[in-house]
Every structure is written in structure tokens, then in C-alpha cells.
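Counting from 1, position 189 in the sequence shown corresponds to residue 226 in the working numbering; the numbering is continuous, with no gaps. Note sheet for the following structure.
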Amino acid sequence: TISSGGGFSCGILKNNSRVMCWGNNTGAEIQRQFSNFTMLSLVAGESHACGVTENGTLICKGSNVGGQLDVPSHSAFKFSNMALGGHHSCAIQRENGLLICWGPKRLLEFASNVTNSVSFESIVAGLDFTCGLTTKNLSLICWGPGWSSVVLVPLTMVIPGPCVQSSCSICGVYPNSDSLCAGSGSICKSCQIELPIPALLPPPPP
Numbered sequence: 038t039i040s041s042g043g044g045f046s047c048g049i050l051k052n053n054s055r056v057m058c059w060g061n062n063t064g065a066e067i068q069r070q071f072s073n074f075t076m077l078s079l080v081a082g083e084s085h086a087c088g089v090t091e092n093g094t095l096i097c098k099g100s101n102v103g104g105q106l107d108v109p110s111h112s113a114f115k116f117s118n119m120a121l122g123g124h125h126s127c128a129i130q131r132e133n134g135l136l137i138c139w140g141p142k143r144l145l146e147f148a149s150n151v152t153n154s155v156s157f158e159s160i161v162a163g164l165d166f167t168c169g170l171t172t173k174n175l176s177l178i179c180w181g182p183g184w185s186s187v188v189l190v191p192l193t194m195v196i197p198g199p200c201v202q203s204s205c206s207i208c209g210v211y212p213n214s215d216s217l218c219a220g221s222g223s224i225c226k227s228c229q230i231e232l233p234i235p236a237l238l239p240p241p242p243p
């Protein structure tokens, strides 16, 4: 995993799952703050980064000017996808696709007015706006003080991934793949955070 912010980039090292950053001093500070954690995923914002640890906890490090590091209380592996802006953070809940955001109050007000009861497939963020692909009709909507008043982006239906000739055996097939791909392939579900394989219990003694 590699993700870039404002003048820095960070990645997760394959050999030990530690965070390594390069670029400006912000990146160096984020790497220092993540030094005691092993990570499954990582996403960078303008001056902070968030990721899921190997035990399933979502943590954020870096600048906390707007409260973007103040992750709400959550259970392990609750989130499936993240998007970080200048001073805000958002994540999709795995169980229902609903969005949770934290950061400055003015940004949260924009989010609550638009995203209440809306499930998302994926999200991305700019400095002070966020966009998401809705589950209901695969439309793209955007919101925030840095976005225009037109919430719905005037695009045709956006498919949530490429159509491939594959069994999608790792994370499963996206619903309605046949119709979305016009019968010429399948859309594999995204494996944004790979859940750990539970350890096998030892056999009972004879």
C-alpha cells in the first residue's frame, strides 16, 4: 500500500508491515507516530494518515488541527474504506456501507446533510470535499465547502470495478455483475482490508 499527501508519501513495508514515509517533515513525523504499529492498510490526507492495524483498529496520526485524528470508538475491522482530506477523515462501515466522518464541525455538517442513510461502495476526498459512489444506484455524489452546490455529479452509472474474466474467488463477485458487464465478465469485490485468517484450533486429544 502506498498513499500520498501534501508533499509526502507513505507505504507499508512488505517484510514487517511497518509504515515508511518519505518527502517533507510531515511525512517523517507521521512515520515516527506509526513506529509502534503493524498495519494492514494506510491512506494519506494533506497532513495526516489513517490506517487499520493488524488487530483491526483504525488509527490516525499526523496533524490534528481540525480533529482529523479523533477516530470514533469502534469494534475491530469495522471499516472497509477510508478517504482523508485537509482536515477531515471519513470511513465506510463494513456491515452496512454507511459513512462516518470526523474533523471540523463545518465539514461534518455538510456530510450529515448529504450522506445520512446513504450506503457507499467507495469514497475519495479532496482538501475540503468528499465524493462517494453510492450502492443504491451507482451514482457519484460529492459534498463539502470546497464543492459546488450540485451534489449529484452528472455522470452515467459508474461501475464499481473493471469487468474481468475471473472467478473472483478471493473476495467474491459484485452483485449484478452480469448486467453491469453486459454478460462479458464479472466485477470482483474489492479486498480493501484483508481480514486475518483465524488460527486453527489444535485437534482434541485422543
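C-beta: ideal position from N, C-alpha, C; glycine also. These figures come from a predicted structure and were not determined experimentally.
- In the three-state DSSP reduction, Lys142 falls in the helix class (H, G or I).
- According to the DSSP assignment, Gly169 belongs to the beta strand (DSSP E) that extends over Thr167 to Thr171.
- Beta-carbon to beta-carbon, Gly181 and Leu144 are separated by about 6 Å, close enough to satisfy the 8 Å threshold.
- His111 and Thr94 have their alpha carbons spaced roughly 8 Å apart.
- Gly123 and Leu177 have their alpha carbons spaced roughly 21 Å apart.
- Among the bridge pairs identified by DSSP, Cys87 is matched with Val80 and Cys97.
- With a cut-off of 8 Å on Cβ pairs, the region 200–209 is not in contact with the region 156–163, counting fewer than three such pairs.
- Taken in chain order, the whole alpha helix (DSSP H) runs of length 4 or more contained in the region 194–224 are 214–217.
- In the three-state reduction of the DSSP assignment, Val108 falls in the coil class.
- In terms of Cβ geometry, Met76 and Val56 form a close pair [threshold 7 Å].
- DSSP lists Leu135 as the bridge partner or partners of Ser156.
- Closest option to Thr63, judged by alpha-carbon separation, among His85, Phe74 and Ser206: His85.
- Boundaries of the beta strand (DSSP E) harbouring Asn118: Phe116 to Leu121, taken from the DSSP string.
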